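Trainee:
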Ligand SMILES: Nc1ncnc2c1ncn2[C@@H]1O[C@H](COP(=O)(O)OP(=O)(O)O)[C@@H](O)[C@H]1O
Ligand SMILES: [Mg+2]
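Chains as they are written, first to last, in the working numbering: chain P, 89 to 362; chain F, 641 to 962.
#1: So what's residue 89 of chain P in DSSP terms, helix, strand or just coil?
#2: So with CB distances below 7 Å, who are the chain F contacts of residue 195 of chain P?
#3: Taking residue 850 of chain F as the reference, give the member of F:841, F:840, F:863, F:843 with the closest Cα.
#4: Does ligand 2 have a heavy atom nearer than 8 Å to the CB of residue 698 of chain F?
#5: Between which two residues does the alpha helix (DSSP H) holding residue 906 of chain F run?
#6: Near residue 796 of chain F, what residues of its chain come up, given a Cβ to Cβ distance below 7 Å and the 5 sequence neighbours on each side ignored?
#7: Using a Cβ-Cβ cut-off of 9 Å, state whether residue 747 of chain F counts as contacting chain P.
#8: For chain F, check one thing: does any of its Cβ atoms lie closer than 9 Å to the Cβ of residue 108 of chain P?
#9: Restricting to runs no shorter than 3 residues, where is the beta strand (DSSP E) found entirely within the region 753-828 of chain F?
#10: Verify the contact flag: residue 764 of chain F, CB atom, against every heavy atom of ligand 2, threshold strictly below 8 Å.
#11: Flag residue 735 of chain F as yes if its beta-carbon sits less than 9 Å from any beta-carbon of chain P, otherwise no.
#12: Confirm the yes/no value for this check: CB of residue 268 of chain P, any heavy atom of ligand 1, distance under 8 Å.
#13: Residues of chain P with CB under 7 Å from residue 791 of chain F, in chain order?
#14: Could you check the C-alpha separation between residue 675 of chain F and residue 717 of chain F for me, to the nearest Å?
#15: Could you check the C-alpha separation between residue 201 of chain P and residue 777 of chain F for me, to the nearest Å?
#16: Let me check one thing: in DSSP terms, what residues is residue 151 of chain P bridge-paired to?
#17: Pick helix, strand or coil for residue 748 of chain F, following the three-state DSSP scheme.
#18: Do residue 194 of chain P and residue 823 of chain F have their beta-carbon atoms positioned less than 9 Å apart in this structure?
#19: Which residues in chain P have a C-beta closer than 9 Å to the C-beta of residue 706 of chain F? List them in chain order.
#20: Whole angstroms are fine: how far does the CA of residue 238 of chain P sit from the CA of residue 272 of chain P?
#21: Among P:176, P:115, P:161, P:198, which has the Cα closest to the Cα of residue 95 of chain P?
#22: Nearest to residue 243 of chain P by CA position, among P:227, P:115, P:192, is which residue?
#23: Against chain F, does residue 181 of chain P count as a neighbour if the rule is that its beta carbon must be under 9 Å from one of theirs?
#24: Mind checking whether residue 919 of chain F and residue 885 of chain F have CB atoms under 9 Å apart?
#25: Taking the C-alpha atoms as reference points, what is the distance between residue 284 of chain P and residue 152 of chain P?
#26: Please tell me whether, using a cut-off of 8 Å, the distance from the CB of residue 91 of chain P to the nearest non-hydrogen atom of ligand 2 is below it.
#27: Just checking: is the beta-carbon of residue 643 of chain F within a distance shorter than 9 Å of some beta-carbon in chain P?
#28: Rounded to whole angstroms, what is the Cα-Cα separation between residue 648 of chain F and residue 714 of chain F?
#29: Quick one: residues in its chain with C-beta nearer than 8 Å to the C-beta of residue 939 of chain F, no 5 flanking neighbours on either side, listed in chain order?
#30: I need the DSSP call for residue 357 of chain P, collapsed to helix, strand or coil.
#31: How is the beta strand (DSSP E) around residue 673 of chain F delimited, first residue to last?
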């Protein structure tokens, strides 16, 4: 019963804090435009690397340039959304180390919302817009794609579940920082590293890695499985067809696990001696 | 139980500390930061919680706010078990940490206050009245548009105290509110706290290791050392128990032999300057009058006893009795 109240309160508080940061960012509009463009440009380089590869070869792991661009665009957009919403989690370790988390614990709002909304960085829209540009380009260059109602529905569902899965990993990483306060690098390897992984077709990686990314850290549900379905390709593990549609369920499960881990982590917090 | 706003009964906090012992070995050790403390604070009282560094003051405050869960004992604030219902309690208490700010570092003070207003759902009229009062008494008017990170320690502390009071808390905790402040800021903070207590009837619990804070603010003082409550009572009695002494530092016009006065003894002479020690319980005024009548005095000041000395004497006292 208290669960849904706490969730609503958390969302409200997230909204309050992020709105305050957006307002404060907007007082320096020029600086905001610059940093957002910087964020955009930095992520463009990722895609330039893929373009350079395709200047030498015609396909990558059996995938054409528009197909790889489709994977790139879906993963980057989903990750960008999660990064925008939860990207501040990696500062938690410092707060645990120096004990400043104390100050969040004396406020009448869920700590997770306060940590996640801290320094809400609208400049991360740069990554999202870069990802969606590539996605739109891919969609207009994929010839012979058979759109069905299911595939159309799968598009937004894929992006949102993907953002949910990445967000859960951000929160899990945060929970882990309660135990090892210098663990934000581990978190980054799963989030930023996972995003880079998903930008390439699964066929270029070893089977074991693909299995791990499907069954252990379920990143494959962000875009590989649903995207292969949309592209009309078989997935390399030969899983049954309904698995491609399981993204939302996997996202909900991930968030539940992350929520439990967060609560355990927070309970283990013991401040610092001065 | 009694109708105290804050009630502690045999409260303990034990920390497991792991320490490097040698190259690979790690040693586990237990620190009893708070070791069976009991006290009750009724509504409207202003209590000083003093003790040397590492005595367990901050740990007690952290348990009273719900940041830390006690390892043992029973603890209630306004009838609430803090660590179980931390967010519910948060609406009813105000907390100020001398060492760390609860304000948003990069935002101007005014934005921090707006955020507090929304987060605590403070009604508009209450917010306006409370903010105006704090701005007036804490001299914040020119600071409202300044980002917190640009404030001096004293300014930041005043800003923090205001933030803790906007939502009309029933009890205000301050952990070392005067640490590191200059004389003017210290005086301002003390004056404000006194008015909050006497005019609004706010219950205040403040920790400090500066006896002057207590002297100027609190009728009741609790002394903690090594996690144990050593003393709980009035300040005058504390001085009597601790047999503590104050020091009158006098600069004479020229070098004099050690002066002899009734009720004081000369502890040290350094050129024209002399240190005269007298019981903390008695007034300095007759002493000063007597001195000035006998010798030409250039300057003088009174040094308060330091808490470490008071506690050391309390130990000596109690072991002498046993
Ligand atoms: N989070 C913590 N982990 C381990 N030890 C701690 C922690 N907090 C406090 N301590 C230890 O507990 C004792 C009391 O600390 P504290 O309550 O901060 O003292 P005070 O505020 O009176 O200076 C000290 O020995 C301190 O080192
Ligand atoms: Mg302390």
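Think of the CB as a built atom: it goes at the ideal place given N, C-alpha and C, for glycine as much as any other residue.
Given the structure is predicted, the values throughout are model-derived calculations rather than measurements.
Mentor: Reading it off the structure:
#1: The predicted model places residue 89 of chain P with a pLDDT of 48, which falls under 50 and marks its position as unreliable, so this point remains unresolved.
#2: 730, 759
#3: F:863
#4: Checking every heavy atom of ligand 2 against the Cβ of residue 698 of chain F, one is found closer than 8 Å.
#5: Looking at the DSSP string, residue 906 of chain F is not in any alpha helix (DSSP H); the run it does join, the beta strand (DSSP E), is 905-910.
#6: 741, 788
#7: yes
#8: yes
#9: The region 753-828 of chain F contains these whole beta strand (DSSP E) runs: 811-815.
#10: Proximity of the beta carbon of residue 764 of chain F to ligand 2 is not indicated: no heavy atom of the ligand is located closer than 8 Å.
#11: yes
#12: Checking every heavy atom of ligand 1 against the Cβ of residue 268 of chain P, none is found closer than 8 Å.
#13: Within 7 Å Cβ-Cβ: nothing; residue 791 of chain F doesn't reach chain P, min ~16 Å.
#14: 19 Å
#15: 33 Å
#16: According to DSSP, which records beta bridges pairwise, residue 151 of chain P is partnered with P:148.
#17: strand
#18: no
#19: What residue 706 of chain F touches in chain P: 193, 194.
#20: Computed Cα separation, rounded: 38 Å.
#21: P:198
#22: The option with the nearest alpha carbon to residue 243 of chain P is P:227.
#23: Not an interface residue.
#24: yes
#25: 18 Å
#26: No.
#27: no
#28: A straight-line Cα-Cα distance of about 6 Å links residue 648 of chain F and residue 714 of chain F.
#29: 890, 891
#30: coil
#31: 666-681
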